[in-house]
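Just so you know, the working numbering puts 172 at position 167 of the sequence shown, and the rest follows in order with no gaps.
We put the beta carbon where it would ideally sit given N, CA and C, even for glycine.
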Amino acid sequence: MNNFCHLRVHSEYSIKDGIIPIKALCHQVRDDPGMSAVALTDFGNFYGALKFYRYALSVGVRPIIGLDVLVQHADGHQGMMTFLCKNWSGYLCLSQWLTQAYLESSTPVFLAQWFNEQNTKDLIVLSGGWQSDWITAIQDDQVDQAQQYLTFWKKYFPNAYFLEIHQIGVKEEVTLIEKTIEIAKQFDLPVVATNPACFLNKEDYEAQQTRICIFEGELLSNSENIYTQEQSFKTADEMQHLFENFPGAIENALTISQRCVLEMPLGETHLPNYSSDLTASMDEILAQASFEGLEKRVGQLETNYQDRLNFELKIINQMGFASYFLIVADFIQWAKNHQVPVGPGRGSGAGSMVAYALGITDLDPIVHGLLFERFLNPMRVSMPDFDIDFCMDKRDLVIDYVFKHYGADKVSQIITFGTMAAKAVVRDVGRVLGMPYTVVDGLAKLIPFELGITLSDAIKQEPRLEKQIQSDQDVARLFDLALKLEGKVRNVGKHAGGVVIAPRPIYTFMPLYQDAHAQQPVTQFDKDDVESMGLVKFDFLGLRTLTIIDWAVKYIHACFGQTVNINDISLSDKATFQYLQNKASIAIFQLESQGMQELVLRLKPDRFEDLVALVALYRPGPLQSGMVDEYVDRKHKRKAITYLHPLLSETLDDTYGVILYQEQVMKIAQDLSGYTLGSADLLRRAMGKKKPEEMAKQRQVFIDGALENNIDKKTSTDIFDLIEKFAGYGFNKSHSAAYALLTYQTAWLKVHHTASFMAAVLSSELDNTDKILRLIEDCEENNVKIHPPDINHSLTKFAPMDLENISYGLAAIKGLGIALSDAIVDERQNGAFLDLKDLCCRLHKKINRRALEALVGSGALDAFKVDRGMMIASIDKALMQADTDMNAKEQGQQDLWSMMDENTQDFEYVQTKPISPGRKLAFEKDALGYYLSGHPLDAYQEEFEYLEIKQIASLHIGSGYVYVAGLQGPIRVINGRRGRFAFMRLEDASGQLETAFFNDTYDQFADCLSDKVPLICQGSIKHDEFNNGIRLEIVHVFTLEQFRLMKKAVLEIQLVDDLDEKELKVMSGLFKSNEGGSDVRLLSRFDAIDGRLKVMQKVRLNETLLESLLELDCVSHFRVCYD
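Encoded structure:
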């Protein structure tokens, strides 16, 4: 029997304080015999409202939509209130008020002045419990105001304002209940029992408190606790028992729930309106624009073009999508008119001739064999979906245009919800618990780097995690809380490219949210819920490749005076295909991955269609099925091209008889069995879903159709089996062709304008130092030199100097950024920088110590002809003198001429020892992300040669069992069916090497792996099938210190002649603090030392000791040697 309904519940979408999953909430209500409905009242938002509404109905629970929100009266006093929707009109009121609150103040605060007798009649209001306006007013001794608030609510919500009572264990709760009952009688107001639930079970209380601290950035130990353990989601029986002395309050909760009968109008489509001054219909405007546009593109229309265009227009108009096409064409045309690069197409939309005619796409569907029905099927009504690629830099300009042109109230970007993923939640919880960063960071790094991995899987896969959880109570507590919070909504964001355009104000469908720092609002529903409301999502996607092409073309014009129209280049350039057949395809769109590079070299593309095929082939299905091998072998005539029936030849000719594209499946069904392309698209979808009943039905239709075409049953059955097999791997040719065009364009630019193109690519990766290093190596391989950064010559971005040289981009130096780099380049127009102080004076208040250290470390200030160590030591002095001089200037104590005279005087640098090679390289690594003037292992080369440790560049398949030295690069740990294994990149001055740990070797040596010290890896050289190169299969790993100890290395130190005993004591202290197992031998002519002296203290031969010895005045030089 239904006897209670919870009216105040905060789900995980109440990001401030809730952790209840919507599905778990609905299941708990469904499984409680005392409940049949529940209200979701997340604080200040409708983020989860539609998800809750739909899921509740799907499991037989009646959903009530509402929210908790602050209401501010005219006197400024605020109180918490709960609003519940009685119907759709009530929902629209809350949607409008929420939108208004966020747009006006970026906070979920309703103003009491918004309410009137008309807009409140479809809502029920709960007083807000112990946080209500009238109770907080009484607590502040403002009794008159409290009475005014009660009168206000009773006036504007007659018979719909209820006083809440809770029993959640707060201070003076009995008194509060008594006061509420007294006020209820005084004002003739009904009382309702609620239990504001923020978590499902009592044991989740600490997890909820942790969630609050994550939101507020507080420590759990410091948080103000305004919630209690009683705010769990209680059963109906528990609520009956808790309020047994207030039966009317329980009955009112059920009564309220019965008054709330919201029905959301789902299943309708609300297309936006195209704005036009023309009096013609949308269908007529579309037809005229399409024919005019196509004639501009192809000239006089032949019959096949006219027929295709008329067919598509008929379908588009029948489906009511004319306005949609015109809107997309409008903002794309605006972009092109305003020099915003637009992609040639993406997805199945490239198969539309209307899209091509309107300039939405740039591939002729007839020339490339693309099908409209793959995009819009007249037999399966669904919304069209153009995903449009724009230049990353200028995409927001197009979005701004859409806002202004179609109305800011009808356009919005779309919200996304960030969730607490495995690594992130461990870091969040560890921070909230106040655990040391190094401990938490270490735990997070033990979680395998695997997309979508859960904490439970991580604990199973990583024995060291499980061990720490079992042995350390603090770690166990961290993971207990993290497991409860994992996957919960953590924050809101903005969809990468989703924009919704509505036919009327968006708040009439859903509320908007706007962050205080955002320029534009976002919908409070995510993309799935936006579409469920029947609105159309437009994807404005930012594609870096378009930005690169744009920059490259501008570089070509600015530096070399050539004008390149990238859309007019020949698609059959021999030099471009020759390059692809023989060179690594670094920086070429879609071809950059190691596996794709290997496939390109195997396939050796010599025509545009091969590039289209490459995009489709490089996916798990084709790679694992043997389709790739079949395609490559047939292309190079190692296998014969055969067809099960002659009718297949025309459709499969471009792919050497291999079924590669979904469009080919559709054409085969049309040509052999008489399917329409619409029904053929349904066949394609059925094959993708692999439903047995549907497949059996389609098989019979296919065979029957083939028989009518005089194709025997066996042949048609074999053909159906063939297309069924490959349909699961088939790819959308429209998408492949559109992206292959970008692939070709980038390859063409790299071949014919290498420096300009690579400068553009490097400039697009300013924050990605790993990528920059690989790109610089590729430039060198293509005979293009990258010049080091130079404060007096470098620009903000990388830029071509001539056909074979590129200047380094200042913004690629860590710690500078675009703004400071621009300021440096702008100021340089007033003359070259002379020294460190001159730089600080001229960039006063724009440059700081960190930026100066980065400039010195990168070598950008080598133009000053001063040792980098001296410049580092002089930074504070230069900044201080610059401050003094510039402040004096601002106060008018110096005129311009004397200021200039002082700046041209030589700056006196702090005198220090020259920077050591190791420190110089470390600074370069910090500033640039890689070593520029050398490599840290250079210092060990003589030692490695003596120990017969190999350089990476010298390795080959015949190298056999070797020792290899290097620095640790990225590590990938994989938990496979045969156990745990890992791959690590090792690098030295000569190159990089992929290494592999098998048979639990990784776990054995994981503790000694470090990117801070040289590693000596022992193993065998094997062929690497993945990259068609070599790899080292590791059996043992040593740090250099461990290897020296094993080989009985000796530290031999040559002391200076004028040594005193104090110097010896300092050195002795170093030996004691680095106590280990290696001998030390001193060499000196000092009276106290006779020739060679073996020191009794044994030491650790690590970099800490050796670098410290460099600082001692008593040390002339030293070496590590082997007797």
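Proximity of residue i and residue j at Cβ, strictly below 8 Å
i            : j           : result
residue 812  : residue 841 : no
residue 200  : residue 173 : yes
residue 526  : residue 598 : no
residue 471  : residue 453 : no
residue 328  : residue 278 : yes
residue 784  : residue 763 : yes
residue 674  : residue 707 : yes
residue 752  : residue 560 : no
residue 864  : residue 938 : yes
residue 531  : residue 419 : yes
residue 131  : residue 185 : no
residue 84   : residue 128 : no
residue 1131 : residue 876 : This structure cannot speak to residue 1131, because the chain is shown only from 6 to 1128.
residue 363  : residue 298 : yes
Proximity winner among the options, relative to residue i (alpha-carbon distances)
i            : options                 : result
residue 1128 : 617, 890, 718 and 1049  : 1049
residue 159  : 121, 507, 284 and 729   : 121
residue 742  : 253, 335 and 349        : 349
residue 423  : 498, 642, 665 and 310   : 498
residue 397  : 986, 551 and 136        : 551
residue 399  : 866, 64, 287 and 556    : 556
residue 491  : 1040, 1104, 1100 and 25 : 25
residue 395  : 874, 501, 322 and 410   : 501
residue 334  : 347, 324 and 325        : 347
residue 547  : 94, 403 and 942         : 403
residue 257  : 374, 170, 705 and 243   : 170
residue 1084 : 1053, 568, 721 and 378  : 1053
residue 610  : 627, 634, 581 and 635   : 581
residue 978  : 818, 992, 494 and 1005  : 1005
residue 427  : 410, 446, 442 and 413   : 446
residue 536  : 756, 389, 1057 and 71   : 389
residue 757  : 167, 579 and 728        : 579
residue 680  : 1047, 284, 384 and 33   : 384
residue 522  : 112, 648 and 43         : 112
residue 232  : 240, 217, 239 and 241   : 217
Strand pairing of residue i, partner residues [DSSP]
i            : result
residue 834  : Looking at the DSSP assignment, residue 834 forms no beta bridge with any residue, so it has no partner.
residue 25   : 16
residue 503  : 544
residue 1059 : 1088 and 1122
residue 528  : 517
residue 1043 : 1021
residue 4    : An answer regarding residue 4 cannot be provided, because it is not within the stretch 6 to 1128 covered by the chain.
residue 395  : 347 and 547
Helix, strand or coil at residue i [DSSP, three-state]
i            : result
residue 1093 : Bear in mind that a pLDDT of 48 at residue 1093, under 50, signals an unreliable position, so the number given afterwards is only what the model happens to contain. It is coil, neither helix nor strand.
residue 953  : coil
residue 1120 : strand
residue 989  : strand
residue 9    : coil
residue 86   : strand
residue 997  : strand
residue 562  : helix
residue 901  : Because the pLDDT of residue 901 is 48, which lies under 50, any placement of that residue in the model is unreliable, and the number read from its coordinates should be weighed accordingly. In this structure, residue 901 counts as helix in the three-state DSSP scheme.
residue 790  : strand
residue 467  : coil
residue 494  : strand
residue 4    : Residue 4 falls outside the range modelled here, since the chain spans only 6 to 1128, and no answer is possible.
Rounded Cβ spacing between residue i and residue j (contact assumed at less than 8 Å)
i           : j           : result
residue 438 : residue 483 : 6 Å
residue 3   : residue 371 : Nothing can be reported for residue 3, as the shown portion of the chain is limited to 6 through 1128.
residue 253 : residue 196 : 7 Å
Beta carbon proximity, residue i to chain B, threshold 8 Å
i           : result
residue 421 : Among the chains in the structure shown there is no chain B, since it carries only a single protein chain.
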